[in-house]
Each structure stands twice: as structure tokens, then as C-alpha cells.
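In UniProt numbering, the protein residues as written are 1 to 150. Structure first, then comments.
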């Protein structure tokens, strides 16, 4: 299982997702450009020493990323989807894609995905924080595929 972040904008969110990946055994793909300068010290502040326990792959853009994961199913988490992530059937080698904090992904990226799902929430709020979304999604995907660590 992999977590992919499309053009993430907040270093703290990336650090939290790296820690999540380390704890749950999921690699993390970062699709550039990012909204901050990659600084190990800044990201490490949130990820702490967990950053040493997660596989991180940086990609120059979406096409380079898509080429890398071409044989895997790409599942986009978006507030625009109608299907709940809890009604979706995950596979153990899925790539869970999350858009940038300020605006998700462009339509061309959404169309390139194999599936689009949402995390249900109350209608009067916009969305979860990026790191929280990744945690909810990864937890459910690993549970469904019986690949939770430990």
C-alpha cells in the first residue's frame, strides 16, 4: 500500500503523513512541486525519527509519478466523489492519492485515477485535514485487505 500526496503545501502535513507511513508500513510518494522548500529539518520536526522508517519517493510531476505506479490501481480521495471509502473494495497494492490542501487535484489528474472515493463527513464542513484523511483512508484500506501491521 502506498500513500501519494499531490503537490502538498504544508510541511507539517507531509511530516505527519511520513510518520503515518512509518507506523503502518506504507511508502509515501510526494508529487512535486510542493508548496514549501524540502527541508529535512522542518519535515523531521513533525515526522521525528520516524522519517528513517518510511520509504519516500519524490516525483518531478504527476506524469512521472503515474509512470512509476502504472501497474497499480490509483484511488483518489476527494470530496467530489459520491462513493464512500467504507463501501469501496480496496486491494493490497492500491495507491491512495490525496490532493493539495487548498484545492485537491485538477480534473485531468482526477480522470487519470482508477477510482474516486470520499471520506464521509457532516455536510456543513468542507473536509478533513490532509494527514487525518490519509490516516482514516489507510487504516480502512489496510483493515479491508488484512494487512494491518502487528
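Think of the CB as a built atom: it goes at the ideal place given N, C-alpha and C, for glycine as much as any other residue. The model shown is predicted, which means the values in this text are computed figures rather than measured ones.
Within the same chain, show all residues whose beta-carbon is closer than 8 Å to that of residue i, passing over the 5 residues directly before and after it, in chain order.
i: residue 82; result: 118
i: residue 57; result: 27, 28, 29, 30, 68
Identify, in the order they occur along the chain, each residue of the same chain with its Cβ nearer than 7 Å to the Cβ of residue i, setting aside the five sequence neighbours on each side.
i: residue 21; result: 3, 27, 28, 54
i: residue 145; result: 90, 91, 92
Assuming residue i and residue j form a contact by the criterion Cβ under 8 Å, report the distance between their Cβ atoms to the nearest whole angstrom.
i: residue 13; j: residue 130; result: 4 Å
i: residue 105; j: residue 6; result: 5 Å
i: residue 98; j: residue 141; result: About 12 Å; that fails the 8 Å criterion.
Cα separation between residue i and residue j?
i: residue 116; j: residue 76; result: 5 Å
i: residue 101; j: residue 150; result: 31 Å
i: residue 61; j: residue 32; result: 5 Å
i: residue 88; j: residue 94; result: 12 Å
i: residue 25; j: residue 51; result: 12 Å
i: residue 126; j: residue 18; result: 24 Å
i: residue 138; j: residue 120; result: 15 Å
i: residue 86; j: residue 107; result: 23 Å
i: residue 34; j: residue 10; result: 8 Å
i: residue 147; j: residue 1; result: 9 Å
i: residue 79; j: residue 66; result: 22 Å
i: residue 8; j: residue 103; result: 10 Å
i: residue 74; j: residue 143; result: 18 Å
Go through its chain and collect everything with a Cβ distance to residue i's Cβ below 6 Å, but skip five positions before and after it.
i: residue 64; result: none
i: residue 72; result: 93, 95
Unbroken stretches of the beta strand (DSSP E), 3 residues or longer, contained in the segment 72-108: With a minimum length of 3 residues, the continuous beta strand (DSSP E) runs that stay inside the segment 72-108 are 74-77, 95-98.
Residue ranges of each beta strand (DSSP E) within the segment 111-139, 3 or longer: Fully contained in the segment 111-139 are the following beta strand (DSSP E) runs of length 3 or more, in chain order: 115-117.
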